[in-house]
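With full-length UniProt numbering, the residue at position 118 of the sequence shown is 118, and numbering never jumps.
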Amino acid sequence: MVIVKNMGWNLIGPIVKSMLKQGQGDTEREYCMKMLDKLVEMCSAKELILGFLEQIEQASMEQTSSVILLLLNPLQEALLKLDTKKAYSVGLSLSTILSQLSCLPIPYTKQQLQEDQHGLCQCLNALTQFVRPFVFEIVQHMEIISGGNCNDLKEELLGFCLKSLKYPLLMAELDPLAEEMAENPLRQFAAEIVRILADIRELFPQVRFQSICKSENWDNEDLSKMDREQSTDALACLSYIVFVQDCFGIDCLPVVFNPSYILQCNMVHIRALLKRTEESVLSKGLALLENCLLRLENNSLFLQYLEFEGFITTPQDLVKVMTQCPFESLRKKSLKIFQLYLDKFDEEGKYILFRGLLKTSNHSGVEGHIIQNIKNQIDLALKRAEGSRFFTGLQLISLLDTVLSLPEGAETDLLQHSDRIMASLNLLRYLLIKDNEDVNKTCVWTELYKIERHFLKPLHTGLNMSKAHYEAEIKRKKENKRAQPPSSKKTCAQLVAEAKMSGITKDMELQALHSALFTFDLMESVLARVEELIENKGCN
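Dropping the structure here:
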């Protein structure tokens, strides 16, 4: 017995190896579990803990979940026996387990979640049960002696929750499964993490939008950049879970927080999520922003909010998602949220956002969308007797100077900027029709000479040059196609190879050239209508 007491931890490896053998019967497995329980009863808890963690660290990827599930209960019993350095040992155990679990792939689809091929979901569920006694210990101490000697243990559990938010929850799909299917196990794990934070009274301090954890260790000036980024990602994921995923803790938040304050405080998390490139993370950022915006009434955000961090850069982040994200569903959702964001600002805020986005978006489609928004605001202003300080009069002229211009004059690539140019022409046509020259609320008639010089005449010249160029290119392509002799020296294989390398056939090139000409014709027809309106007003 003395030998077992002093050297028993050496038996952990052989016992685990025996339990993992294929064909192991229930009886043999039960004997092995009893042996582990006996070791926990007789041996030094510290040595056993190190032995258990060594087995977990040495497990192959295929056996990681099996080893963790085998050893969690005896490891928990050994930790509960400790009188000193319990917090350190609990933290070491949790860190080791999460480190091993991070090597397992995260299941995403419903089928993957149900099959749980690598056992990740099963391990996470067992892990929440593993930490429950330590959470209960903290709760008891807080109720009795306001924290007592559990601060270290509390910090270790807080660290565990933040690491869990970073992996696997940040990358995981947390939406509920179909009604006829079982609950999403990763969503259940997220709920448990929130409950743990709530129980140890750390949910509200963390959801209160701190950029890093509140403990002294995390606040240290020497905190590495990687740790800061991980903490930012973890807290961003927590905000997503609390605000987006069906009241996972949202009832714990003070009701005095108004929607604009919630948006303001969540901006740091929204930006952190939108700067990532992974589909699952980007979708969380968009969902969190949408959730915050839907709490607000339209026109309720004042200009002052643009002075807060993130309020100017977030629409720019949305533009990047709209124009650069490889996932079509996220591009469409980003456009929807982009419009929702613009709608929440008052007139002055919209004016500043429009002006800034026209200068920074560098994308014709986005600029066209902004110009359409400007048109909508002008339309609302013209329908009001009092007009608008920003979308009529001199303030509007300042904005129109940006809208009704060509970036490079007559040399502008009209095809590349076609969305912006068409939106600008349609806006000008609208102004000439809706704003009577005698009333001139928008001052467009006063500024007409400038618009003609900087926009209409260069556009006329550019259209003539572009159409001539593309018509000549079409003629050249057609002549080259006819001139190509059937008995060309190039072999069939060479021609196929060239087509594969270019990826574009001559017919496709001709189709693209004709499409460009159609765009120029469309511009020309709207331009002609604008000039007709100007000429008719001049005759009157």
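Yeah, the Cβ is synthetic: ideal placement off N, Cα and C, and Gly gets one too.
This one's a predicted model, so the numbers in the text were calculated from it and none came from an experiment.
DSSP state of residue i, grouped into three classes?
| i | result |
| --- | --- |
| PHE518 | helix |
| GLN416 | coil |
| THR360 | helix |
| GLY393 | helix |
| LYS129 | In the sequence as displayed, the identity of residue 129 is Gln instead of Lys. DSSP places GLN129 in helix when its eight states are reduced to three. |
| ASN436 | coil |
| SER102 | coil |
| PHE52 | helix |
| LEU124 | helix |
| MET61 | coil |
| PHE308 | coil |
| ALA190 | helix |
| GLN324 | helix |
| residue 541 | Here the chain comprises residues numbered 1 to 540, so residue 541 is not present and cannot be evaluated. |
| CYS43 | coil |
| CYS443 | coil |
| PHE204 | helix |
| GLY91 | helix |
| GLU535 | helix |
| GLN114 | helix |
| LYS284 | helix |
| residue 545 | Nothing can be reported for residue 545: it is not among the residues displayed for the chain, which extend from 1 to 540. |
| THR84 | coil |
| ASN373 | helix |
| LEU263 | helix |
| PRO315 | helix |
| PHE257 | coil |
| LEU274 | helix |
| SER329 | helix |
| SER405 | coil |
| PRO107 | coil |
| GLY119 | coil |
| LEU69 | helix |
DSSP beta-bridge partners for residue i?
| i | result |
| --- | --- |
| LEU301 | PHE345 |
Spatial neighbours of residue i within its chain, please: CB distance less than 8 Å, with the 5 preceding and 5 following residues excluded, ordered by chain position.
| i | result |
| --- | --- |
| ASN184 | LEU113, GLU173, LEU174, ASP175, PRO176 and LEU177 |
| TYR341 | LEU289, LEU293, THR314, PRO315 and LEU318 |
| LEU533 | ARG429, LEU432 and ILE433 |
| LYS81 | VAL40 and ALA45 |
| ASN440 | THR446 |
| ASP152 | ALA87 and TYR88 |
| VAL366 | VAL319, MET322, THR323 and LEU357 |
| HIS460 | LEU527 |
So, using beta-carbon positions, are residue i and residue j closer together than 8 Å?
| i | j | result |
| --- | --- | --- |
| ILE270 | PRO168 | no |
| LYS477 | LEU448 | no |
| ARG201 | PRO259 | no |
| residue 553 | ILE138 | Shown here, the chain extends from 1 to 540; a query on residue 553 therefore has no answer. |
| ILE374 | VAL403 | yes |
| LEU101 | LEU70 | no |
| GLN55 | ILE12 | yes |
| PHE204 | GLU279 | no |
| LEU301 | PHE345 | yes |
| ILE352 | LEU427 | no |
| CYS43 | ILE15 | no |
| GLY356 | ILE312 | yes |
| SER66 | LEU20 | yes |
| ILE97 | ALA78 | no |
| LEU335 | MET322 | yes |
| VAL135 | ASP37 | no |
| residue 542 | LYS475 | Here the chain comprises residues numbered 1 to 540, so residue 542 is not present and cannot be evaluated. |
| GLY310 | VAL268 | yes |
| LEU425 | LEU527 | yes |
| LEU513 | GLU473 | yes |
With a CB to CB cut of under 7 Å and the five nearest residues on each side skipped, what residues in its chain are close to residue i?
| i | result |
| --- | --- |
| CYS161 | ILE193, ILE196 and LEU197 |
| ALA272 | THR232, ASP233 and ALA236 |
| THR519 | LEU415 and SER418 |
| THR360 | GLN316 |
Counting only the same chain and skipping the five closest in sequence on each side, list residues whose C-beta sits under 6 Å from that of residue i.
| i | result |
| --- | --- |
| GLU156 | ALA87, VAL90 and GLY91 |
| GLN339 | none |
| LEU406 | THR412 and PRO458 |
| GLN245 | LEU174 |
| TYR108 | GLU173 |
| ARG187 | LEU174 |
So is the beta-carbon of residue i under 7 Å away from any non-hydrogen atom of the ligand GTP?
| i | result |
| --- | --- |
| ILE433 | In the structure shown, the ligand GTP is absent, as is every other ligand, since no ligand is present at all. |
So within the region 144-176, which uninterrupted alpha helix (DSSP H) runs reach at least 4 residues, ignoring any that extend past its ends? Complete alpha helix (DSSP H) runs here, min 4: 151-164.
At 4 residues or longer, and completely inside the region 11-41: list those alpha helix (DSSP H) runs for me, N to C. 12-19
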